[in-house]
Amino acid sequence: MKLESLYQEIILDHYKHPHGKGLAPNFASEVHHVNPTCGDEITLRVSINPANPDLLLVSYDSQGCSISQASASILFDQLNDQSFETGEKAVEHMVAMMQRTQEPDEDILGDGIALVGVAQYPARVKCALLSWMAWKDAAIQAGAEVPNNTEIANSTELGEGK
Amino acid sequence: MSALNVAAIRADFPILRRTVRDERRLVYLDSGATSQKPFQVLDAERNFYETCNSAVHRGAHQLAEEATDAYEAARANIAAFIGGRPADLVFTKNATEAINLVSYAFLNATLKSQQGKDLPPGSEKFILNAGDEIVVTEMEHHANLIPWQELCDKTGATLKWIALTDDGRLDPKSIQEVIGSRTRIVAFTHQSNLLGTINDVATVVTRAREVDALVLLDACQSVPHMPVDVAQLGVDFLMWSGHKMLGPLGIGCLWGREELLSAMPPFISGGSMIETVTMQGSTFAPPPARFEAGVPMAAQAVGLSAAVDYLRALGMDNVQEHEHMLTQAALTALSAIPGVRIIGPTDIKDRGSAVSFVVDGIHPHDVGQVLDDLGVAVRVGHHCAWPVCRRYDVPATTRATFYIYNDLDDVDALVQAVVAAKEFFGA
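Chains as they are written, first to last, in my numbering: chain V, 1 to 162; chain W, 163 to 589.
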């Protein structure tokens, strides 16, 4: 059975006991991403850390398969209260791992390296990437692509959403 | 005891000899998405290319004559299979295009009428006015929903839909209420691709006739699986795809009443659908040629005709009875697994072989993954019928569909694999 390589124990743990699930009331940006072939959905919110505008706080709510749910839980562990640069690097690394062009690096992805088996199943890659793409979208919308632009960061920091 | 000799049938399907995922026997339970193809169909298509390949309805040479004869003979054979006349059968790329052909007849007639352009006699049936309504049901495949949403979006017509009961049937009260005096067409499925429900066509047709509305029946999941006769059904349009009934990919069929097809403006335009052409304008060929612009898919038509011969030799009553037996076995065995819930009718009456289910605590994608690992090919997701999932409050389902080459061993393999999925995920 190849199943164990796809569903490593750590993936099933994140699936059954997701970290950080639940939406924060305040946010700078909110995105809703879906995987239209299977109905996986995630709502992800990003806000700027009031104590340090270089850091982005993440909250999310989601439904879907074990891979998409575990991946969102891992994303929370890795990217909550991290800078845009750290997050963007992790997203790129995750995508490259799914394309099998990058060996998994635990320093960048943490438990996310356990998702390496997903790359063997092209139909599941979208499930694994859903939350990571949502984070990037939300982070950019929150004004994080210009981290030095404090005007944007300040104006969105306490926003209550659209 | 089966109505079909499955061992003999399986021998005709080369793909069923292959193995999947570590040398496992392929248990193919995804014929609702697309069926496998027997030698007879593959040979017919290959024979066309080897003996008379040329562009149909063009050319002065012998190959063109033979190709044209083969294409038109296929049309006659396929039309007869559903009790229709060849002149009323249009070949399309697929069933989705066939539905669009009808929805665009409404759009094009409406636009041309607003511009004061010439339209074929009888086209009033297709001209939409403010306040007109299009009716579908809540169990439609996206192919029979989005084209109508788009039509309404472009014309200002209103889309209404017939509601479903908790056990997966059309709500009889809703049929009477939703179809009303402003209804111009009722487009609905013969058999739900997700729920497996076989709809009571007569009730819908009777109500539609009371209000003088047209009726389009999506027969993608019925023509491959049961006897279908357009005269008996009393509908105005019937469409289905070739690839779900042992035929090749790339061909679908639209049957329509002669007077309606004649009254419809063209959909896709270009070569071979014309009568006369000048730089100032053109007139159009009668149906079916009016709706078959460009060089047609003759080899696929010949392949589909061979599929029709194959099914006819088995007998559609026998096909239906065989699937009925497998569906009953699957419903009984799956329902007996704790935590498994059937989405759709659990009663075998008026029910086809699409069996959708959810397993408590395991997402359908994960169920499908374990099944795949055991060689059992099913479909997971919303099956291009997302509103049905919303109606029954499930994110997605796992769906098994049975066909002529499946047997009780395949049902057993499915059931054992679902049990294995539960064990794997500890659900």
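Every residue, glycine too, gets a C-beta built ideally from N, C-alpha and C.
So what's residue i in DSSP terms, helix, strand or just coil?
i: T365(W); result: helix
i: V517(W); result: strand
i: L158(V); result: Because L158(V) carries a pLDDT of 33, less than 50, the predicted location of this residue cannot be relied on, and no value is offered for it.
i: H544(W); result: coil
i: G110(V); result: helix
i: A153(V); result: The pLDDT assigned to A153(V) is 38, lower than 50, so where the model puts this residue is not dependable; a value taken from the coordinates is nonetheless given after this. Looking at A153(V) - three-state DSSP - the assignment turns out to be helix.
i: G117(V); result: helix
i: D599(W); result: Residue 599(W) is absent from the model: chain W starts at 163 and stops at 589.
i: V392(W); result: helix
i: E4(V); result: helix
i: G87(V); result: helix
i: R237(W); result: helix
i: A173(W); result: coil
i: K322(W); result: strand
i: F350(W); result: strand
i: V444(W); result: Here residue 444(W) turns out to be Ser, not Val, going by the sequence shown. Of the three classes helix, strand and coil, the one that applies to S444(W) here is strand, per DSSP.
i: P147(V); result: Residue confidence for P147(V) is low, a pLDDT of 48 falling below 50, so the modelled location carries little weight; the figure read from the coordinates is stated next. Here P147(V) sits in coil by DSSP.
i: V297(W); result: strand
i: I360(W); result: strand
i: T101(V); result: coil
i: V125(V); result: helix
i: V182(W); result: strand
i: Q63(V); result: strand
i: V373(W); result: coil
i: T438(W); result: strand
i: T345(W); result: strand
i: C276(W); result: Checking the displayed sequence, the identity of residue 276(W) turns out to be Gln instead of Cys. Q276(W) falls in the helix class under three-state DSSP.
With DSSP as the reference, identify every bridge partner of residue i, one or two as the case may be.
i: Y190(W); result: A539(W)
i: V58(V); result: V46(V)
i: A232(W); result: Per DSSP, none; premise fails for A232(W).
i: M401(W); result: D380(W), L416(W)
i: V34(V); result: E41(V)
i: A271(W); result: Beta-bridge pairing links A271(W) to no other residue.
i: F253(W); result: C415(W)
i: L204(W); result: None, per the DSSP bridge assignment.
i: G20(V); result: The partner list for G20(V) (beta bridge, DSSP) is empty, contrary to what the question assumes.
i: R561(W); result: S518(W), R541(W)
i: L332(W); result: L326(W)
i: Q578(W); result: Bridge partners of Q578(W): none, in fact.
Name the chain W residues whose beta carbon is nearer than 8 Å to that of residue i?
i: L130(V); result: None at all; the shortest Cβ gap to chain W is about 12 Å.
Any heavy atom of the ligand COA closer than 7 Å to the Cβ of residue i?
i: A589(W); result: Inclusion of the ligand COA in the displayed structure is not the case, the ligand content being empty and no account of it being possible.
For a contact defined as C-beta to C-beta under 8 Å, what are the partners of residue i on chain B?
i: F586(W); result: Absence of chain B from the displayed structure is noted, the protein chains being V and W.
Below 7 Å on C-beta distance, what does residue i contact in chain V?
i: H527(W); result: C38, C65, C127
i: L245(W); result: The amino acid occupying residue 245(W) in the given sequence is Gly; Leu does not appear at that position. Neighbours of G245(W) on chain V: none; closest Cβ ~36 Å, over 7 Å.
Cβ closer than 9 Å: which chain V residues qualify as neighbours of residue i?
i: H544(W); result: P36, T37, C38, G39
Chain V partners of residue i, CB-CB under 8 Å?
i: V532(W); result: L3
Problem set entry | Positions along the segment 95-120 of chain V whose CB lies within less than 8 Å of some CB in chain W | Those residues of the segment 95-120 of chain V that come within reach of chain W (Cβ to Cβ, closer than 8 Å) do not exist; the list is empty.
Exercise. In chain order, what residues of the segment 15-37 of chain V put their CB closer than 8 Å to some CB of chain W?
Worked result: Closer than 8 Å at the C-beta level to chain W, one finds these residues of the segment 15-37 of chain V: T37.
For this session: Taking a Cβ distance cut-off of 7 Å, strictly less, list which residues of the segment 38-67 of chain V are near chain W, in chain order.
Result: Per Cβ criterion, the list reads C38, G39, Q63, G64, C65, S66.
For this session: Residues of the segment 547-562 of chain W with a CB closer than 8 Å to any CB of chain V: list them in chain order, please.
Result: Within the segment 547-562 of chain W, the qualifying residues are W548, C551, P557, A558.
Problem set entry | Whole alpha helix (DSSP H) elements within the segment 447-524 of chain W, 4-residue minimum | As far as the segment 447-524 of chain W is concerned, its whole alpha helix (DSSP H) runs of at least 4 residues are 460-476, 478-497.
Exercise. Along the segment 273-288 of chain W, what residues have a CB closer than 8 Å to any CB found in chain V?
Worked result: Within the segment 273-288 of chain W, no residue has a Cβ that lies closer than 8 Å to any Cβ of chain V.
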